[in-house]
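A.B. asks: Per the UniProt record's numbering: the sequence shown = residues 1 to 276. In this text, a Cβ means the ideal position worked out from N, Cα and C, and glycines have one as well. Could you have a look at this structure, given as structure tokens, before my questions?
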Amino acid sequence: MTEAAALPGQPRGGVLSGPATARTINVLAPNPSAMTLDGTNTWIVAEPDSDLAVVIDPGPLDDDHLRQVIGIAEQAGKRIALTLLTHGHPDHAAGASRFAQLTRTKVRALDSALRLGDEGLGAGDVVTTGGLELRVVPTPGHTEDSLSFHLPADQAVLTGDTILGRGTTVVAHPDGRLGDYLDSLRRLRSLTVDDGVHTVLPGHGPVLEDAQGAVDFYLAHRAHRLAQVETAVENGHRTPSDVVAHVYADVDRSLWPAAELSVRAQLEYLREHGLI
1 MTEAAALPGQ PRGGVLSGPA TARTINVLAP NPSAMTLDGT NTWIVAEPDS
51 DLAVVIDPGP LDDDHLRQVI GIAEQAGKRI ALTLLTHGHP DHAAGASRFA
101 QLTRTKVRAL DSALRLGDEG LGAGDVVTTG GLELRVVPTP GHTEDSLSFH
151 LPADQAVLTG DTILGRGTTV VAHPDGRLGD YLDSLRRLRS LTVDDGVHTV
201 LPGHGPVLED AQGAVDFYLA HRAHRLAQVE TAVENGHRTP SDVVAHVYAD
251 VDRSLWPAAE LSVRAQLEYL REHGLI
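Here's what the structure looks like:
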């Protein structure tokens, strides 16, 4: 879920659909919009020599898309053995139950309401299917239940909506919290420093080949927006809608409702830290 269109200085790169790394294939869902960019990226992840695959974020409830994901996996010689969710927004998760029915798989997620089966996902968990290793990285902030998945063999991280391939993401207040989001970005940055992660496989938009640059861009962008919001309040713009009209004046008005969610999260953050 994007907050704004592409911004100057943001890292770019990569494919929108097809193979992305040695172990990942992106299947683009047919749900493009101002909020979802080109559509939701559904990821098929598997070891090259394994016949088992994991699917991350089946996407919207679109039978043609779900069957296309299965067909592409089968063309690659893979059987889908497990479904994972980065978070519960409908453009990522609405098709999960139907997809699980089609593939006879379990669905694992942080939010128990989204699971099909007994197993959830949490910090420190490692998903191993067909020799694959996916490390669960809690990245709340966009939503409370947001997760990322570290794929060490490809030095990559699948970020859902925490980092997008284009533009910036919404801190979806009140479920999302800015303090959590900033902590999550720093957690992802530590993967780029300590674990050699260099590729971001996002939930929307193209693959980013400079993970550290992407995280640094996001952190700088958030600091800049926070300063703008603080200044706007100091200048008498008190309500979230007034702040949006002032701070996001150059952004397409169709994105202002999403921007207002982030502004509400920013105002909450500033109040909590005694800055307004």
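Where does V247 sit, in a helix, a strand or coil, going by DSSP?
C.D. replies: Numbered from its first residue, the sequence shown carries residue 247 at position 247. Reduced to three states, the DSSP call for V247 is helix.
A.B. asks: Leaving out the 5 sequence neighbours to the left and right, which residues in its chain are closer than 8 Å to G71 when beta-carbon positions are compared?
C.D. replies: Taking the first residue of the sequence shown as position 1, residue 71 is located at position 71. If we look at G71 and ignore the five residues flanking it on each side, it has no Cβ neighbours.
A.B. asks: Does the separation of the CB atoms of L147 and P138 fall below 8 Å?
C.D. replies: Working through the sequence shown from its first residue, we reach residue 147 at position 147. Working through the sequence shown from its first residue, we reach residue 138 at position 138. Closer than 8 Å, so yes.
A.B. asks: Taking C-beta to C-beta, are L84 and R108 nearer than 8 Å?
C.D. replies: Position 84 of the sequence shown, counted from the start, is the residue given in the question as residue 84. Position 108 of the sequence shown, counted from the start, is the residue given in the question as residue 108. Taking 8 Å as the Cβ cut-off, L84 and R108 qualify as a contacting pair.
A.B. asks: Do we get a CB-CB distance below 8 Å when we pair G88 with the residues of chain D?
C.D. replies: Chain labels in this structure do not include chain D; a single protein chain is all it has.
A.B. asks: Looking at V126 and A156, is the spacing between their C-beta atoms short of 8 Å?
C.D. replies: For the purposes of this step, residue 156 is taken as residue 156 along the sequence shown, with counting starting at 1. For the purposes of this step, residue 126 is taken as residue 126 along the sequence shown, with counting starting at 1. Cβ atoms of A156 and V126: not closer than 8 Å.
A.B. asks: With distance defined between alpha-carbon atoms, name the residue in I163, L191, R186 and A259 nearest to L208.
C.D. replies: As a first step, residue 208 must be located in the sequence shown, where it is residue number 208. Among I163, L191, R186 and A259, the Cα nearest to that of L208 is on I163.
A.B. asks: What's the gap between the Cα of D62 and the Cα of F99?
C.D. replies: Taking the first residue of the sequence shown as position 1, residue 62 is located at position 62. Taking the first residue of the sequence shown as position 1, residue 99 is located at position 99. Roughly 10 Å between the two C-alpha positions.
A.B. asks: Give the list of continuous beta strand (DSSP E) stretches no shorter than 3 residues that lie fully inside the region 180-268.
C.D. replies: Within the region 180-268, the runs of beta strand (DSSP E) that reach at least 3 residues and sit entirely inside it are, in chain order, 199-202.
A.B. asks: Between T42, D194, D195 and D145, which lies nearest to R177 when the distance is taken from Cα to Cα?
C.D. replies: Taking the sequence shown and counting its residues from 1, the one referred to as residue 177 is at position 177. Nearest of T42, D194, D195 and D145 to R177, Cα basis: D145.
A.B. asks: What's the call for H224, buried or exposed, on a 16-neighbour Cβ count within 10 Å?
C.D. replies: By 1-based counting over the sequence shown, the position of residue 224 is 224. Exposed, since its Cβ has fewer than 16 Cβ neighbours within 10 Å.
A.B. asks: Count the other CB atoms within 10 Å of the CB of S33; is the residue buried (16 or more) or exposed (fewer)?
C.D. replies: As a working mapping, residue 33 is identified with position 33 in the sequence shown. So S33 ends up on the exposed side.
A.B. asks: Tell me where the alpha helix (DSSP H) around V69 begins and ends.
C.D. replies: As a first step, residue 69 must be located in the sequence shown, where it is residue number 69. Start and end: D63 to Q75.
A.B. asks: Comparing C-alpha positions only, which one of S262, S112 and D49 sits nearest to Y248?
C.D. replies: Locating residue 248 in the sequence shown gives position 248, where the first residue counts as 1. Answer by Cα proximity: S262.
A.B. asks: If you compare alpha carbons, which of H221, D210, V136 and G122 is closest to T169?
C.D. replies: Residue numbering aside, residue 169 sits at position 169 when the sequence shown is read from its first letter. Of the listed residues, the one whose Cα sits closest to T169 is H221.
A.B. asks: Where do the ends of the alpha helix (DSSP H) carrying S148 lie?
C.D. replies: Along the sequence shown, read from residue 1 onward, the residue named residue 148 stands at position 148. Note, S148: premise wrong, no alpha helix (DSSP H); beta strand (DSSP E) at L147 to L151.
A.B. asks: Secondary structure at P138, three-state DSSP: helix, strand or coil?
C.D. replies: Here residue 138 refers to the residue found at position 138 of the sequence shown. DSSP places P138 in strand when its eight states are reduced to three.
A.B. asks: Could you check what DSSP says for S17 in three-state terms: helix, strand or coil?
C.D. replies: Taking the first residue of the sequence shown as position 1, residue 17 is located at position 17. In this structure, S17 counts as coil in the three-state DSSP scheme.
A.B. asks: Rounded to whole angstroms, what's the CA-CA distance from S254 to D64? Just pull it up for me.
C.D. replies: For this step, residue 254 is matched to residue 254 along the sequence shown. For this step, residue 64 is matched to residue 64 along the sequence shown. Answer to the nearest angstrom: the Cα atoms are 28 Å apart.
A.B. asks: Any idea if N26 is buried or exposed, counting beta-carbon neighbours within 10 angstroms, 16 or more meaning buried?
C.D. replies: Indexing the sequence shown from 1 puts residue 26 at position 26. Buried, since its Cβ has 16 or more Cβ neighbours within 10 Å.
A.B. asks: Going by the CB atoms, is the gap between H89 and T159 shorter than 8 Å?
C.D. replies: As a working mapping, residue 159 is identified with position 159 in the sequence shown. As a working mapping, residue 89 is identified with position 89 in the sequence shown. No, Cβ-Cβ distance for T159 and H89 is not below 8 Å.
A.B. asks: Among the residues of its own chain, which have a CB less than 7 Å from the CB of R115, if the five just before and after it don't count?
C.D. replies: If you number the sequence shown from 1, residue 115 lands on position 115. Result list for R115: V107, R108 and A109, in chain order.
A.B. asks: Comparing alpha-carbon positions, which option in Q266, K78, T36 and N31 lies nearest I44?
C.D. replies: Translated into positions along the sequence shown, residue 44 becomes position 44. The shortest C-alpha separation from I44 is found at K78.
A.B. asks: How many Å lie between G59 and A96 at the Cα?
C.D. replies: On the sequence shown, residue 59 is found 59 positions in, with the first residue counted as 1. On the sequence shown, residue 96 is found 96 positions in, with the first residue counted as 1. Rounded to the nearest whole angstrom, the C-alpha separation of G59 and A96 is 7 Å.
A.B. asks: Helix, strand or coil, according to DSSP, for R12 in the structure here?
C.D. replies: As a working note, residue 12 is residue 12 in the sequence shown. Confidence is the limiting factor: at R12 the pLDDT is only 44, short of 50, which leaves the residue's position unreliable and the question unanswerable from this model.
A.B. asks: By Cβ distance, which residues of its chain are closer than 7 Å to A20, with the 5 residues on each side in sequence left out?
C.D. replies: Locating residue 20 in the sequence shown gives position 20, where the first residue counts as 1. Excluding its 5 nearest sequence neighbours in each direction, A20 has C-beta neighbours in its own chain below 7 Å: G14, N26, L201 and V207, listed in chain order.
A.B. asks: Grouping DSSP H, G and I as helix and E and B as strand, with all else coil, what is A94?
C.D. replies: Here the question's residue 94 lines up with position 94 in the sequence shown. Three-state DSSP puts A94 in coil, outside helix and strand.
A.B. asks: Tell me whether E260 is buried or exposed, calling it buried when 16 or more other Cβ atoms sit within 10 Å of its Cβ.
C.D. replies: As a first step, residue 260 must be located in the sequence shown, where it is residue number 260. E260 is buried by the Cβ-count criterion.
A.B. asks: Put T103 into one of helix, strand or coil per three-state DSSP.
C.D. replies: In the sequence shown, residue 103 corresponds to position 103, counting from 1. Correct three-state label for T103: helix.
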